[in-house]
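Participant:
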Amino acid sequence: MNIDRSRFASPGGSTPNLLYHIGAFIAVTAWGVAFINTKVLLQLGLGAVEIYIYRFIIAYLLVLLICPKPLFSHSLSDEFKFMLCGICGNSIYFIAENTAVKYTLVTNVSLIVTLAPIITALLIGIVYRSQRPGRWFMTGSVIAFMGVACVIFNSSFVMKINPLGDLLALLAAVCWSVYSILLKPLNAEYSVWFITRKTFFYGLLTSLPFLAVEPQIFPISQLWQPAVIGNLCFLGVICSLVAYLLWAQAVKRLGVVSTGNYLYISPIMTLVASYIFLGEKVSTVGYIGCALILAGVVLSEKLSQHK
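Numbering (this note's numbering), first residue to last: 3 to 309.
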(Lines of atoms letter the chains of each structure in order from A and count residues from 1; the text may use other names and numbers.)
(Lines give C-alpha, C1' and ligand atoms only; values in the text may rest on other atoms or scores of the structure.)
Protein backbone atom coordinates (compact mmCIF):
# COMPACT_ATOMS: atom_id res chain seq x y z
CA MET A 1 0.00 0.00 0.00
CA ASN A 2 1.41 3.39 -0.97
CA ILE A 3 1.23 6.05 1.70
CA ASP A 4 1.17 9.72 0.84
CA ARG A 5 3.73 10.93 3.34
CA SER A 6 3.20 14.56 2.39
CA ARG A 7 0.03 14.45 4.45
CA PHE A 8 2.14 13.94 7.54
CA ALA A 9 4.89 16.40 6.80
CA SER A 10 5.19 19.83 8.35
CA PRO A 11 5.25 22.69 5.89
CA GLY A 12 8.64 24.14 5.18
CA GLY A 13 9.59 27.74 5.45
CA SER A 14 12.18 30.19 6.68
CA THR A 15 10.52 31.31 9.90
CA PRO A 16 13.15 33.02 12.08
CA ASN A 17 14.35 31.00 15.08
CA LEU A 18 13.26 33.87 17.33
CA LEU A 19 9.63 32.89 16.80
CA TYR A 20 10.33 29.36 17.98
CA HIS A 21 12.09 30.69 21.07
CA ILE A 22 9.03 32.83 21.74
CA GLY A 23 6.83 29.77 21.25
CA ALA A 24 8.85 27.75 23.79
CA PHE A 25 8.66 30.68 26.21
CA ILE A 26 4.87 30.87 25.84
CA ALA A 27 4.58 27.12 26.42
CA VAL A 28 6.55 27.13 29.69
CA THR A 29 4.67 30.24 30.80
CA ALA A 30 1.40 28.37 30.36
CA TRP A 31 2.76 25.35 32.21
CA GLY A 32 3.99 27.55 35.04
CA VAL A 33 0.57 29.18 35.44
CA ALA A 34 -1.11 25.75 35.18
CA PHE A 35 -0.01 24.94 38.74
CA ILE A 36 -2.33 27.71 39.97
CA ASN A 37 -5.32 26.43 37.97
CA THR A 38 -4.67 22.87 39.12
CA LYS A 39 -4.44 23.97 42.75
CA VAL A 40 -7.81 25.75 42.46
CA LEU A 41 -9.45 22.65 40.94
CA LEU A 42 -8.01 20.41 43.65
CA GLN A 43 -9.45 22.77 46.27
CA LEU A 44 -12.84 22.57 44.54
CA GLY A 45 -12.84 18.79 44.97
CA LEU A 46 -11.53 17.31 41.70
CA GLY A 47 -8.97 14.53 41.87
CA ALA A 48 -5.55 14.69 40.20
CA VAL A 49 -6.45 12.03 37.62
CA GLU A 50 -9.80 13.67 36.90
CA ILE A 51 -8.17 17.04 36.24
CA TYR A 52 -5.74 15.41 33.84
CA ILE A 53 -8.47 13.52 31.96
CA TYR A 54 -10.85 16.47 31.64
CA ARG A 55 -8.19 18.93 30.46
CA PHE A 56 -6.87 16.56 27.81
CA ILE A 57 -10.33 15.52 26.63
CA ILE A 58 -10.90 19.19 25.81
CA ALA A 59 -7.50 19.44 24.11
CA TYR A 60 -7.90 16.19 22.18
CA LEU A 61 -11.34 17.04 20.82
CA LEU A 62 -10.07 20.39 19.58
CA VAL A 63 -7.00 18.97 17.86
CA LEU A 64 -9.14 16.16 16.41
CA LEU A 65 -11.53 18.76 14.98
CA ILE A 66 -8.66 20.63 13.33
CA CYS A 67 -6.59 17.60 12.28
CA PRO A 68 -8.90 14.55 11.94
CA LYS A 69 -6.76 12.69 9.38
CA PRO A 70 -4.72 10.65 8.85
CA LEU A 71 -5.71 8.24 11.62
CA PHE A 72 -2.58 6.09 11.75
CA SER A 73 1.15 6.59 11.43
CA HIS A 74 3.46 5.01 8.85
CA SER A 75 4.15 1.84 10.79
CA LEU A 76 3.45 -0.14 13.94
CA SER A 77 6.86 0.92 15.18
CA ASP A 78 5.93 4.59 14.94
CA GLU A 79 2.54 3.89 16.48
CA PHE A 80 4.36 2.34 19.44
CA LYS A 81 6.53 5.46 19.73
CA PHE A 82 3.40 7.61 19.83
CA MET A 83 2.02 5.43 22.59
CA LEU A 84 5.25 5.97 24.55
CA CYS A 85 4.88 9.73 23.96
CA GLY A 86 1.37 9.57 25.38
CA ILE A 87 2.59 7.66 28.43
CA CYS A 88 5.79 9.62 29.10
CA GLY A 89 4.69 13.10 28.03
CA ASN A 90 1.12 12.92 29.28
CA SER A 91 -0.46 10.31 31.53
CA ILE A 92 2.41 9.02 33.70
CA TYR A 93 4.14 12.40 33.78
CA PHE A 94 1.13 14.33 35.08
CA ILE A 95 -0.20 11.60 37.36
CA ALA A 96 3.23 10.96 38.90
CA GLU A 97 3.82 14.67 39.43
CA ASN A 98 0.41 15.32 40.99
CA THR A 99 0.54 12.19 43.15
CA ALA A 100 4.05 13.04 44.38
CA VAL A 101 2.66 16.18 46.02
CA LYS A 102 0.55 13.97 48.30
CA TYR A 103 3.61 12.21 49.72
CA THR A 104 6.27 14.90 49.85
CA LEU A 105 6.64 18.67 49.90
CA VAL A 106 5.72 20.71 46.85
CA THR A 107 9.21 22.21 47.00
CA ASN A 108 10.72 18.75 46.63
CA VAL A 109 8.52 17.93 43.64
CA SER A 110 9.19 21.22 41.86
CA LEU A 111 12.94 20.96 42.37
CA ILE A 112 13.23 17.32 41.28
CA VAL A 113 10.99 17.71 38.20
CA THR A 114 13.16 20.58 37.02
CA LEU A 115 15.99 18.09 36.57
CA ALA A 116 14.32 17.16 33.25
CA PRO A 117 16.50 19.41 31.00
CA ILE A 118 19.72 18.02 32.49
CA ILE A 119 18.45 14.44 32.27
CA THR A 120 17.39 15.09 28.67
CA ALA A 121 20.82 16.45 27.73
CA LEU A 122 22.55 13.45 29.30
CA LEU A 123 20.23 10.97 27.57
CA ILE A 124 20.70 12.77 24.24
CA GLY A 125 24.46 12.39 24.72
CA ILE A 126 24.02 8.64 25.27
CA VAL A 127 21.58 8.04 22.40
CA TYR A 128 23.20 10.47 19.93
CA ARG A 129 26.92 10.50 20.74
CA SER A 130 27.55 13.33 18.30
CA GLN A 131 25.23 15.61 20.29
CA ARG A 132 26.78 15.37 23.73
CA PRO A 133 26.22 18.58 25.72
CA GLY A 134 29.23 20.87 25.99
CA ARG A 135 30.68 22.38 29.13
CA TRP A 136 28.93 25.73 28.62
CA PHE A 137 25.57 24.04 28.40
CA MET A 138 26.19 22.08 31.59
CA THR A 139 27.51 25.19 33.35
CA GLY A 140 24.44 27.17 32.34
CA SER A 141 22.18 24.30 33.39
CA VAL A 142 23.74 24.15 36.86
CA ILE A 143 23.34 27.93 37.29
CA ALA A 144 19.72 27.76 36.13
CA PHE A 145 19.03 24.82 38.43
CA MET A 146 20.42 26.81 41.39
CA GLY A 147 18.04 29.60 40.39
CA VAL A 148 15.14 27.15 40.32
CA ALA A 149 16.03 26.07 43.86
CA CYS A 150 15.96 29.72 45.00
CA VAL A 151 12.58 30.33 43.35
CA ILE A 152 11.08 27.16 44.80
CA PHE A 153 12.40 27.93 48.28
CA ASN A 154 11.20 31.53 47.93
CA SER A 155 9.24 31.45 51.21
CA SER A 156 10.78 28.47 53.00
CA PHE A 157 14.06 26.58 53.11
CA VAL A 158 12.48 23.35 54.34
CA MET A 159 13.66 20.27 52.48
CA LYS A 160 12.14 17.04 53.76
CA ILE A 161 13.08 13.68 52.31
CA ASN A 162 10.25 11.25 51.55
CA PRO A 163 11.37 8.35 49.33
CA LEU A 164 7.99 7.58 47.68
CA GLY A 165 7.09 11.17 46.81
CA ASP A 166 10.59 12.09 45.69
CA LEU A 167 10.90 8.96 43.54
CA LEU A 168 7.57 9.78 41.86
CA ALA A 169 8.84 13.30 41.11
CA LEU A 170 12.04 11.84 39.67
CA LEU A 171 9.91 9.47 37.57
CA ALA A 172 8.05 12.49 36.16
CA ALA A 173 11.34 14.19 35.24
CA VAL A 174 12.66 11.07 33.51
CA CYS A 175 9.34 10.59 31.67
CA TRP A 176 9.48 14.13 30.26
CA SER A 177 13.06 13.58 29.15
CA VAL A 178 12.12 10.38 27.33
CA TYR A 179 9.16 12.16 25.71
CA SER A 180 11.44 14.96 24.49
CA ILE A 181 13.86 12.46 22.95
CA LEU A 182 11.04 10.52 21.28
CA LEU A 183 9.90 13.74 19.60
CA LYS A 184 13.20 14.03 17.70
CA PRO A 185 12.70 11.21 15.14
CA LEU A 186 8.92 11.71 14.97
CA ASN A 187 9.33 15.40 14.14
CA ALA A 188 11.23 14.41 11.02
CA GLU A 189 8.28 12.40 9.68
CA TYR A 190 5.07 13.96 11.01
CA SER A 191 3.46 17.33 11.54
CA VAL A 192 3.18 18.79 15.04
CA TRP A 193 -0.62 18.53 14.77
CA PHE A 194 -0.48 14.81 14.09
CA ILE A 195 2.10 14.25 16.86
CA THR A 196 0.06 16.23 19.37
CA ARG A 197 -3.16 14.44 18.50
CA LYS A 198 -1.61 10.99 18.83
CA THR A 199 0.15 11.94 22.09
CA PHE A 200 -3.10 13.20 23.63
CA PHE A 201 -5.00 10.09 22.49
CA TYR A 202 -2.59 7.59 24.00
CA GLY A 203 -2.19 9.73 27.10
CA LEU A 204 -5.93 9.66 27.71
CA LEU A 205 -6.20 5.96 26.92
CA THR A 206 -3.45 4.97 29.35
CA SER A 207 -4.76 7.25 32.12
CA LEU A 208 -8.22 5.66 32.40
CA PRO A 209 -7.10 2.75 34.64
CA PHE A 210 -5.88 5.29 37.22
CA LEU A 211 -9.47 6.39 37.83
CA ALA A 212 -9.93 3.15 39.75
CA VAL A 213 -7.62 4.41 42.51
CA GLU A 214 -9.26 7.82 42.89
CA PRO A 215 -10.87 8.03 46.37
CA GLN A 216 -13.98 9.69 44.96
CA ILE A 217 -15.29 10.96 41.63
CA PHE A 218 -16.31 14.59 41.23
CA PRO A 219 -20.02 14.88 40.25
CA ILE A 220 -20.33 15.55 36.51
CA SER A 221 -23.28 17.88 37.16
CA GLN A 222 -20.95 20.24 39.04
CA LEU A 223 -18.43 20.52 36.21
CA TRP A 224 -20.41 23.44 34.80
CA GLN A 225 -19.65 25.70 37.74
CA PRO A 226 -17.88 28.78 36.30
CA ALA A 227 -14.75 28.26 38.42
CA VAL A 228 -14.51 24.59 37.41
CA ILE A 229 -15.24 24.83 33.69
CA GLY A 230 -13.20 28.04 33.38
CA ASN A 231 -10.05 26.52 34.87
CA LEU A 232 -10.50 23.27 32.94
CA CYS A 233 -10.89 25.14 29.65
CA PHE A 234 -7.76 27.20 30.33
CA LEU A 235 -5.82 24.02 31.14
CA GLY A 236 -7.22 22.21 28.11
CA VAL A 237 -6.93 24.92 25.46
CA ILE A 238 -3.93 27.01 26.52
CA CYS A 239 -1.82 24.76 28.75
CA SER A 240 -2.42 21.58 26.77
CA LEU A 241 -3.33 22.20 23.12
CA VAL A 242 -1.51 25.49 22.43
CA ALA A 243 1.47 24.81 24.70
CA TYR A 244 2.13 21.29 23.34
CA LEU A 245 1.88 22.46 19.73
CA LEU A 246 4.30 25.32 20.36
CA TRP A 247 6.66 23.01 22.25
CA ALA A 248 6.68 20.34 19.54
CA GLN A 249 7.36 22.98 16.89
CA ALA A 250 10.20 24.47 18.95
CA VAL A 251 11.76 21.02 19.45
CA LYS A 252 11.51 20.42 15.70
CA ARG A 253 13.34 23.65 14.85
CA LEU A 254 15.64 24.36 17.81
CA GLY A 255 16.43 20.85 19.00
CA VAL A 256 15.62 18.91 22.14
CA VAL A 257 18.37 20.33 24.35
CA SER A 258 17.98 24.05 23.54
CA THR A 259 14.20 23.88 23.84
CA GLY A 260 14.40 21.89 27.08
CA ASN A 261 16.38 24.72 28.64
CA TYR A 262 13.23 26.84 28.70
CA LEU A 263 11.72 24.53 31.34
CA TYR A 264 13.85 26.37 33.89
CA ILE A 265 11.71 29.46 33.32
CA SER A 266 8.50 27.71 34.40
CA PRO A 267 9.09 28.27 38.16
CA ILE A 268 9.43 32.02 37.50
CA MET A 269 6.00 32.03 35.89
CA THR A 270 4.58 30.04 38.80
CA LEU A 271 6.12 32.56 41.20
CA VAL A 272 4.62 35.53 39.32
CA ALA A 273 1.20 33.86 38.99
CA SER A 274 1.20 32.95 42.70
CA TYR A 275 1.91 36.58 43.55
CA ILE A 276 -0.82 37.94 41.25
CA PHE A 277 -3.61 35.41 41.84
CA LEU A 278 -2.87 33.96 45.29
CA GLY A 279 -1.21 36.95 46.93
CA GLU A 280 1.93 35.00 47.82
CA LYS A 281 4.91 37.22 48.60
CA VAL A 282 8.17 37.19 46.64
CA SER A 283 11.29 37.34 48.80
CA THR A 284 14.80 38.51 47.93
CA VAL A 285 15.72 34.85 47.46
CA GLY A 286 12.98 34.58 44.85
CA TYR A 287 14.32 37.54 42.88
CA ILE A 288 17.86 36.13 43.03
CA GLY A 289 16.52 32.82 41.74
CA CYS A 290 14.82 34.49 38.78
CA ALA A 291 18.06 36.25 37.85
CA LEU A 292 20.06 33.02 38.09
CA ILE A 293 17.58 31.14 35.91
CA LEU A 294 17.66 33.76 33.16
CA ALA A 295 21.46 33.96 33.33
CA GLY A 296 21.81 30.18 33.14
CA VAL A 297 19.48 29.87 30.16
CA VAL A 298 21.26 32.62 28.24
CA LEU A 299 24.69 31.20 29.13
CA SER A 300 23.92 27.67 28.00
CA GLU A 301 22.10 28.81 24.85
CA LYS A 302 24.53 31.47 23.61
CA LEU A 303 27.97 30.39 24.74
CA SER A 304 27.41 26.75 23.77
CA GLN A 305 27.13 27.97 20.16
CA HIS A 306 30.69 29.37 20.36
CA LYS A 307 32.46 26.50 22.13
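Glycine included, every Cβ here is placed at the ideal spot set by N, Cα and C.
Curious, which full-length alpha helix (DSSP H) runs of at least 4 residues does the segment 222-249 contain?
Facilitator: Qualifying alpha helix (DSSP H) stretches, in chain order: 228-235.
Participant: Over the uninterrupted alpha helix (DSSP H) stretch that includes I219, give me the two end residues.
Facilitator: Where I219 is concerned, there is no enclosing alpha helix (DSSP H), given that its DSSP letter is neither H nor E.
Participant: Taking the CB atoms as reference points, tell me whether F212 and G88 lie closer together than 8 Å.
Facilitator: Cβ atoms of F212 and G88: not closer than 8 Å.
Participant: Within its chain, find whatever has a CB closer than 7 Å to the CB of N4; leave out the 5 residues flanking it on each side and keep chain order.
Facilitator: A caution first: N4 carries a pLDDT of 43, below 50, which makes its placement in the model unreliable, though a value can still be read off. Result list for N4: empty, nothing under 7 Å.
Participant: What ranges does the beta strand (DSSP E) occupy inside the segment 58-143, keeping only unbroken runs of at least 3 residues that lie completely in it?
Facilitator: As far as the segment 58-143 is concerned, it has no whole beta strand (DSSP E) run of at least 3 residues.
Participant: Got a sec, what are the start and stop residues for the alpha helix (DSSP H) K283 sits in?
Facilitator: That residue, K283, is in no alpha helix (DSSP H); it is neither H nor E in DSSP.
Participant: Grab me the residues of Y56's own chain with a C-beta within less than 6 Å of its C-beta, minus the 5 sequence neighbours each way, in chain order.
Facilitator: Closer than 6 Å at Cβ, skipping near neighbours: L234.
Participant: Applying the 10 Å Cβ sphere with the 16-neighbour rule, what's the burial state of K83?
Facilitator: It counts as buried.
Participant: Where does G281 land, buried or exposed, given buried means 16+ other C-beta within 10 angstroms?
Facilitator: Label assigned to G281: exposed.
Participant: Could you pull out every residue in the same chain whose Cβ sits closer than 6 Å to the Cβ of K186, ignoring the five residues on either side in sequence?
Facilitator: So the qualifying residues of the chain are V258.
Participant: Please classify F155: does DSSP put it in a helix, a strand, or coil?
Facilitator: Three-state result, F155: coil.
Participant: Could you tell me if W33 is buried or exposed, where buried requires 16 or more neighbouring beta carbons within 10 angstroms of its beta carbon?
Facilitator: W33 is buried by the Cβ-count criterion.
Participant: Buried or exposed for N263, please, with buried defined as at least 16 other CB atoms from any protein chain shown within 10 angstroms of its CB.
Facilitator: Result: buried.
Participant: Answer with buried or exposed for E81, where buried requires no fewer than 16 other C-beta atoms within 10 angstroms of its C-beta.
Facilitator: By the neighbour-count rule (16 or more Cβ atoms within 10 Å), E81 is not buried but exposed.
Participant: Using a 10 Å radius around the Cβ and a threshold of 16 neighbouring Cβ atoms, would you call L21 buried or exposed?
Facilitator: Counting Cβ neighbours within 10 Å, L21 comes out exposed, since fewer than 16 surround it.
Participant: What are the boundary residues of the alpha helix (DSSP H) that includes I197?
Facilitator: Taken as a continuous stretch (DSSP letters only), the alpha helix (DSSP H) holding I197 covers V194 to S209.
Participant: By a C-beta neighbour count over all protein chains shown, 10 Å radius and 16 as the cutoff for buried, is S223 buried or exposed?
Facilitator: The residue in question, S223, is exposed, as its Cβ has fewer than 16 Cβ neighbours within 10 Å.
Participant: With a 10 Å radius around its C-beta and 16 neighbouring C-beta atoms as the bar for buried, classify N19 as buried or exposed.
Facilitator: Looking at its Cβ environment, which holds fewer than 16 other Cβ atoms inside 10 Å, N19 is exposed.
Participant: Is there contact here, the segment 115-128 with the segment 169-187, by at least three beta-carbon pairs under 8 Å?
Facilitator: With a cut-off of 8 Å, the segment 169-187 and the segment 115-128 count as touching, because enough Cβ pairs lie within range.
Participant: Taking contact to mean 3 or more Cβ pairs, one atom from each stretch, closer than 8 Å, check whether the segment 189-209 and the segment 58-74 are in contact.
Facilitator: Verdict: yes, contact present.
Participant: CA-CA distance, I38 and S276?
Facilitator: Distance between the alpha carbons of I38 and S276 is about 7 Å.
Participant: Along the chain, where does the alpha helix (DSSP H) containing A190 start, and where does it finish?
Facilitator: Premise fails: A190 is in no alpha helix (DSSP H) and is neither H nor E.
Participant: Which residue from L73, I219 and I267 puts its Cα closest to that of G47?
Facilitator: If we check each option's Cα against that of G47, I219 comes out closest.
Participant: Is L210 near the ligand FAD, with its Cβ less than 7 Å from a heavy atom?
Facilitator: The model on display carries no ligand, and the ligand FAD is accordingly not part of it.
Participant: Looking at the structure shown, is L48 part of a helix, part of a strand, or coil, going by DSSP?
Facilitator: Coil.
Participant: Let me check understanding here. Comparing Cα to Cα, which of K104, V42 and A171 lies closest to Y95?
Facilitator: The candidate whose alpha carbon is nearest that of Y95 is A171.
Participant: Which residues bound the alpha helix (DSSP H) around G262?
Facilitator: Where G262 is concerned, the enclosing alpha helix (DSSP H) stretches over V258 to G262.
Participant: With H, G and I counted as helix, E and B as strand and the rest as coil, what does DSSP make of P269?
Facilitator: DSSP places P269 in helix when its eight states are reduced to three.
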